[in-house]
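Read in order, the letters of the sequence shown correspond to residues 6 to 366 in the numbering used here.
A short write-up of the structure that comes next.
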Amino acid sequence: MTLYEAAELVRPADREAMRRAQQRWSQVAKPLDSLGVLEADLVRIAGVQRTPDISLEEKWIAVMCADNGIVAEGVTQTGQEVTAAVAERMGRRASCVCLMAARAGARIFPVDVGIASRERIEGLLERKVRRGTEDFLKGPAMSRAEAVRAAECGVETAGILADQGCRLAGAGEMGIGNTTTSSALISVFLGITPREAAGRGAGLSDAGYRRKVQVIEEGIRKNRPDPSDPLDVLAKVGGLDLAALAGFYIGCAARGIPVVLDGLITGAAALATVCLCPAAGEYLLASHVSAEPAGKLVLEALGLRAAIDAGMCLGEGCGAAVLFPLLDMAAEVYGKMETFDQMQVEQYERFETEDGEGKSR
Numbered sequence: 006m007t008l009y010e011a012a013e014l015v016r017p018a019d020r021e022a023m024r025r026a027q028q029r030w031s032q033v034a035k036p037l038d039s040l041g042v043l044e045a046d047l048v049r050i051a052g053v054q055r056t057p058d059i060s061l062e063e064k065w066i067a068v069m070c071a072d073n074g075i076v077a078e079g080v081t082q083t084g085q086e087v088t089a090a091v092a093e094r095m096g097r098r099a100s101c102v103c104l105m106a107a108r109a110g111a112r113i114f115p116v117d118v119g120i121a122s123r124e125r126i127e128g129l130l131e132r133k134v135r136r137g138t139e140d141f142l143k144g145p146a147m148s149r150a151e152a153v154r155a156a157e158c159g160v161e162t163a164g165i166l167a168d169q170g171c172r173l174a175g176a177g178e179m180g181i182g183n184t185t186t187s188s189a190l191i192s193v194f195l196g197i198t199p200r201e202a203a204g205r206g207a208g209l210s211d212a213g214y215r216r217k218v219q220v221i222e223e224g225i226r227k228n229r230p231d232p233s234d235p236l237d238v239l240a241k242v243g244g245l246d247l248a249a250l251a252g253f254y255i256g257c258a259a260r261g262i263p264v265v266l267d268g269l270i271t272g273a274a275a276l277a278t279v280c281l282c283p284a285a286g287e288y289l290l291a292s293h294v295s296a297e298p299a300g301k302l303v304l305e306a307l308g309l310r311a312a313i314d315a316g317m318c319l320g321e322g323c324g325a326a327v328l329f330p331l332l333d334m335a336a337e338v339y340g341k342m343e344t345f346d347q348m349q350v351e352q353y354e355r356f357e358t359e360d361g362e363g364k365s366r
């Protein structure tokens with residue numbers, strides 16, 4: 006399935022299923038809205054799955070792995086070889102997200118869309134578009150055709166997970182230098198300065214941070230990515246992992262699978278997704294507010310609220326792994342707790358306050 010064919014299949018979330026899920030929450034014998042964002046997340050999942058009888062039984066986290074040529078400009082503390090090293094651990098199911106996901110009852114699906122190493126890494130789906138991107142300070146990171154190919158790797162990954170029975174997906178990435186590419190995307194899509202968009206990534210000195218901001222500024226100025234054309238932005242200042250994630254979100258949406266984002270990088274890819282296919286935005290859920298400076302701005306732009314604010318910035322999809330058990334616990338209450346009628350207790354009543362916010366009593 007091509008990227009554009011997948012986008013054509015994406016339908017808006019089912020409003021009737023969402024209404025019935027919200028009605029169910031109102032009937033559960035507890036104070037209204039007392040599980041906060043988790044309640045809204047399950048309502049959204051109902052809309053995506055098109056039924057109030059939601060299922061979270063099969064959870065997978067897709068991790069897109071790729072290298073970034075911009076590393077040559079000194080924007081990272083570690084070298085490019087770390088991408089392959091961490092990906093190898095993912096292949097053995099021994100990286101951070103693998104351990105966390107196993108505890109959460111989820112499975113990992115790592116994909117090589119552009120690791121610079123020539124060696125095939127066991128345990129990863131091999132879909133290498135190219136061996137890393139170009140240095141976007143010297144020209145576009147990749148061609149438009151390569152960005153499309155990477156996105157279609159994401160679409161394919163969504164199809165593989167759907168065939169495995171996936172009912173709830175998580176998104177992750179691994180690629181040294183991808184906080185730089187993500188910050189470039191965020192700067193372009195949100196119209197903010199690179200200084201507002203960029204953080205210190207995996208750890209930069211003051212001088213390293215200044216260099217990172219300078220590189221993003223110069224890269225955007227030289228390449229002039231068009232914010233109304235997400236594939237142009239991905240090709241010029243993005244990364245193969247980001248393009249693959251954008252395609253993965255659209256592929257999941259085409260198959261009715263909700264996707265839990267991780268942090269800044271998966272959020273940056275989502276900005277490209279909603280520009281490519283606005284309806285796919287309804288299939289996304291936030292896990293946590295990234296410790297990176299632009300984390301909150303990205304979630305606001307996507308219209309998402311995160312249930313977790315823990316100062317996390319690890320990547321790999323760890324945020325999704327952390328949210329999964331919380332969603333499971335909320336689903337237990339949603340599906341199994343007695344209603345007010347069953348308890349023969351008067352139901353809470355929702356009323357409007359002067360500020361327009363609904364309250365209960």
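Don't be surprised by glycine CBs; every beta carbon is placed ideally from N, CA and C.
Since we're looking at a predicted model, the values are computed, not measured.
With three or more C-beta pairs closer than 8 Å as the rule, is the region 163 to 183 touching the region 68 to 77?
With the cut-off at 8 Å, the region 68 to 77 and the region 163 to 183 touch.
Taking a contact to mean a Cβ-Cβ separation below 7 Å, would you say L8 touches Y353 in this structure?
By 1-based counting over the sequence shown, the position of residue 8 is 3. By 1-based counting over the sequence shown, the position of residue 353 is 348. No, these two residues do not count as a Cβ contact at 7 Å.
Between the beta-carbon of T88 and the beta-carbon of I181, is there less than 7 Å?
For the purposes of this step, residue 88 is taken as the residue at position 83 of the sequence shown. For the purposes of this step, residue 181 is taken as the residue at position 176 of the sequence shown. Yes, they are a contact pair.
With a threshold of 8 Å on Cβ separation, who are the neighbours of Q32 within its own chain once the five nearest residues in sequence on each side are excluded?
In the sequence shown, the residue the question calls residue 32 occupies position 27. For Q32, where only same-chain residues beyond five positions count, the Cβ hits under 8 Å are T344, F345, D346, Q352.
For V102, collect the residues of the same chain with a Cβ closer than 7 Å to its Cβ; drop the 5 residues on either side in sequence, then sort them by chain order.
Position 97 of the sequence shown, counted from the start, is the residue given in the question as residue 102. Closer than 7 Å at Cβ, skipping near neighbours: I66, V68, I113, G177, E321, G322, C323, A326.
Measure from the alpha carbon of A203 to the alpha carbon of each residue in A248, R310, A296, then state which is nearest.
On the sequence shown, position 198 is the one that residue 203 refers to. With distances taken between Cα atoms, A203 lies closest to A296.
Please name the residue or residues paired with W65 in a DSSP beta bridge.
The residue given as residue 65 occupies position 60 in the sequence shown. DSSP lists R112, A174 as partners of W65.
For the region 20 to 49, list the alpha helix (DSSP H) runs that are entirely contained and at least 4 residues long, ordered along the chain.
Entirely contained in the region 20 to 49, the alpha helix (DSSP H) runs reaching 4 residues are, in chain order, 20 to 32.
Apply the 10 Å Cβ neighbour rule to T184 and answer buried if 16 or more other Cβ atoms are within range, or exposed otherwise.
Translated into the one-based positions of the sequence shown, residue 184 becomes position 179. When all chains shown are included, T184 counts as buried.
Just to confirm before moving on: does the CB-CB distance between R149 and L236 stay below 7 Å?
One-based indexing of the sequence shown puts residue 149 at position 144. One-based indexing of the sequence shown puts residue 236 at position 231. Yes; because the gap between Cβ atoms is below 7 Å, this pair is in contact.
CB R172 to CB E86, shorter than 7 Å?
Working through the sequence shown from its first residue, we reach residue 172 at position 167. Working through the sequence shown from its first residue, we reach residue 86 at position 81. The answer is no: Cβ separation not under 7 Å.
Can you check whether the CB of A249 is closer than 7 Å to the CB of M147?
Mapped onto the sequence shown, residue 147 falls at position 142. Mapped onto the sequence shown, residue 249 falls at position 244. Result no, Cβ atoms of M147 and A249 do not sit closer than 7 Å.
Per DSSP, what are the beta-bridge partners of A71 in this structure?
Against the sequence shown, residue 71 aligns to sequence position 66. In DSSP, A71 forms a bridge with G119.
Determine whether the beta carbon atoms of L190 and A285 lie at a separation below 7 Å.
Numbered from its first residue, the sequence shown carries residue 190 at position 185. Numbered from its first residue, the sequence shown carries residue 285 at position 280. No, the Cβ-Cβ distance between L190 and A285 is not below 7 Å.
Could I get the ranges of all uninterrupted beta strand (DSSP E) runs contained in the region 198 to 243, with 3 residues as the minimum, in chain order?
As far as the region 198 to 243 is concerned, it has no whole beta strand (DSSP E) run of at least 3 residues.
Does DSSP put M147 in a helix, a strand or coil?
Residue numbering aside, residue 147 sits at position 142 when the sequence shown is read from its first letter. In this structure, M147 counts as coil in the three-state DSSP scheme.
Spell out whether any CB of chain E is found under 7 Å from the CB atom of S295.
Judged by its chain identifiers, the structure shown contains no chain E, having just a single protein chain.
Which residues in the same chain have their Cβ closer than 7 Å to the Cβ of Q275, if we skip the five residues on either side of it in sequence?
Within the sequence shown, numbered from 1, the residue matching residue 275 stands at position 270. Per the sequence presented here, residue 275 reads as Ala, with Gln not at that position. Excluding sequence neighbours, A275 sits near Y254, L266, L289, L307.
In chain order, what residues of the same chain lie with their CB nearer than 8 Å to the CB of R135, ignoring the 5 residues before and after it?
As a working mapping, residue 135 is identified with position 130 in the sequence shown. Hits under 8 Å: G119, M147, E151, L245.
When the Cβ atoms of the region 151 to 163 are set against those of the region 118 to 132, are three or more pairs found closer than 8 Å?
Short answer: they touch.
Using a Cβ-Cβ cutoff of less than 6 Å, which residues in the same chain neighbour A336 once the five nearest sequence positions on both sides are dropped?
Taking the sequence shown and counting its residues from 1, one reaches residue 336 at position 331. Cβ within range, chain order: L61.
Given a cut-off of 7 Å on the beta-carbon distance, is the pair G128 and G96 in contact?
On the sequence shown, residue 128 is found 123 positions in, with the first residue counted as 1. On the sequence shown, residue 96 is found 91 positions in, with the first residue counted as 1. It is a contact, given that the beta carbons lie within the stated cut-off.
Can you tell me whether F356 is buried or exposed? The criterion is at least 16 other CB atoms within 10 Å of its CB, across all chains shown.
For the purposes of this step, residue 356 is identified with residue 351 of the sequence shown, where counting begins at 1. By the neighbour-count rule (16 or more Cβ atoms within 10 Å), F356 is not buried but exposed.
What's the gap between the Cα of Q169 and the Cα of R98?
As a first step, residue 169 must be located in the sequence shown, where it is residue number 164. As a first step, residue 98 must be located in the sequence shown, where it is residue number 93. Computed Cα separation, rounded: 18 Å.
Could you spell out where the alpha helix (DSSP H) holding P330 opens and where it closes?
Start at 1 with the first residue of the sequence shown, and residue 330 comes out as number 325. Start and end: 323 to 341.
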